[in-house]
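Remarks on the structure that follows.
4 protein chains.
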Amino acid sequence: MDGNENTLRRLRTVEGHLKGVIRMVEQGEYCIDVIRQIQAVEAALNKTSTQILENHLNSCVTTAIKGNNAKERERVLREITEVFDMSTKV
Amino acid sequence: MDGNENTLRRLRTVEGHLKGVIRMVEQGEYCIDVIRQIQAVEAALNKTSTQILENHLNSCVTTAIKGNNAKERERVLREITEVFDMSTKV
Amino acid sequence: MDGNENTLRRLRTVEGHLKGVIRMVEQGEYCIDVIRQIQAVEAALNKTSTQILENHLNSCVTTAIKGNNAKERERVLREITEVFDMSTKV
Amino acid sequence: MDGNENTLRRLRTVEGHLKGVIRMVEQGEYCIDVIRQIQAVEAALNKTSTQILENHLNSCVTTAIKGNNAKERERVLREITEVFDMSTKV
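Sequence order for the protein chains is D, Y, H and L. Using the working numbering, read the first sequence as starting at -6 and increasing by one per residue. Using the working numbering, read the second sequence as starting at -6 and increasing by one per residue. Using the working numbering, read the third sequence as starting at -6 and increasing by one per residue. Using the working numbering, read the fourth sequence as starting at -6 and increasing by one per residue.
Structure representation (structure tokens):
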């Protein structure tokens, strides 16, 4: 199973989890339990992002840094910084 | 539209957004763009949690604090502390 | 030791930890180790915030909700929602 | 001013901010205001971490990836993944 398949599998699991949360709200379940499940969904999404980043570092980023295109190198490194910065905000 | 309907509407929008992220991965779109969309999904989930908490504070929590059941009061307040604590971790 | 003393003790520990991080940077220690220590400082700050919120819920918030001032009740509940919302962003 | 000096300047500003938070607690200021200031300190720490990571990507990481030591390359990339993962938890 390559990285992409693994990511898809994780995201489909998150989708199932989220459908479960929607059902909880439809059935009027207790607010705090809904919030806890939403937080669990977010933790699963964080793990997925980390895994995607790991694949990206070992493929595109490594290729760009070894390559001769300085602009491309700067771009991929700036993107890592940007997603790290955003990860501290969500 | 009551709080519950509003929450459901938000969660269904998040579900649509998440399906879009899954399609992006299926089509092999750029890793960083996928991570950014996952972060956007998380930001939307955070807003939903905040809205659910707001409703909860104005209903269950207020009722419990005005009520005479000390254990129930403690429980609802402890739950708020717990979801706040968890929110700093996801 | 009351809640305030406990908060002060925690914050002074965080201050000592932060001074240690500053020394690490002055001595040119490895970037990733510095980032890890900054993340540890943030985890300690999160725990402190949670503890302050817990005290606040059991004192001011409980008093306001039991009181007769509707505006004051709304204000304290809105503040809880606001700090929860912010906690998902830092 | 190099990256290190910039980081030190930021961390010393955070230290001053934190001392201000300690004074607020000593003077018994309002809990929610203290929590808001702690959240501001954390936002400043996040910005500092992002800046340190940016420098690190453009120096150590770039050197390691261009180098011939496969173990070293793996190590620096794994570290990026680890601090990203942790950043979603604090």
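Glycine included, every Cβ here is placed at the ideal spot set by N, Cα and C. On a predicted model such as this, the values are computed, not experimentally measured, just so you know.
Which of helix, strand or coil DSSP assigns to residue i
{"i": "L:K105", "result": "Residue 105 of chain L lies beyond the residue range present for chain L, which begins at -6 and ends at 83; the question has no answer from this structure."}
{"i": "H:G13", "result": "helix"}
{"i": "D:K82", "result": "coil"}
{"i": "Y:G21", "result": "coil"}
{"i": "H:D26", "result": "helix"}
Minimum C-alpha distance to residue i - residue among the options
{"i": "H:N(-1)", "options": "H:T74, H:R71, H:E47", "result": "H:E47"}
{"i": "L:A33", "options": "L:S80, L:N61, L:G13, L:N62", "result": "L:G13"}
{"i": "Y:L1", "options": "Y:K82, Y:E67, Y:N62, Y:Q44", "result": "Y:Q44"}
Same chain only: Cβ atoms within 6 Å of residue i, ignoring 5 sequence neighbours per side
{"i": "L:G(-4)", "result": "N48"}
C-beta contact flag for residue i and residue j at 7 Å
{"i": "H:M17", "j": "H:V27", "result": "yes"}
{"i": "L:S86", "j": "H:I31", "result": "In this structure chain L extends from -6 to 83, so residue 86 of chain L is not present and cannot be described."}
{"i": "D:V83", "j": "Y:A36", "result": "yes"}
{"i": "L:I15", "j": "H:L11", "result": "no"}
{"i": "L:S80", "j": "D:T81", "result": "yes"}
Beta-carbon proximity list for residue i, same chain, < 8 Å, skipping 5 on both sides
{"i": "L:V69", "result": "C53, V54, A57, I58"}
{"i": "Y:E65", "result": "A57"}
{"i": "L:E22", "result": "none"}
{"i": "D:L50", "result": "I73"}
{"i": "Y:R29", "result": "none"}
{"i": "H:A63", "result": "none"}
{"i": "L:G60", "result": "R66"}
Contacting residues, own chain, Cβ-Cβ under 7 Å from residue i (five flanking each side not counted)
{"i": "D:E67", "result": "none"}
{"i": "L:F77", "result": "none"}
{"i": "L:G9", "result": "none"}
- Message: Any C-beta of chain B within less than 7 Å: which residues of the region 55 to 68 of chain Y qualify?
- Response: Considering every chain present, this structure includes no chain B. Its protein chains are D, Y, H and L.
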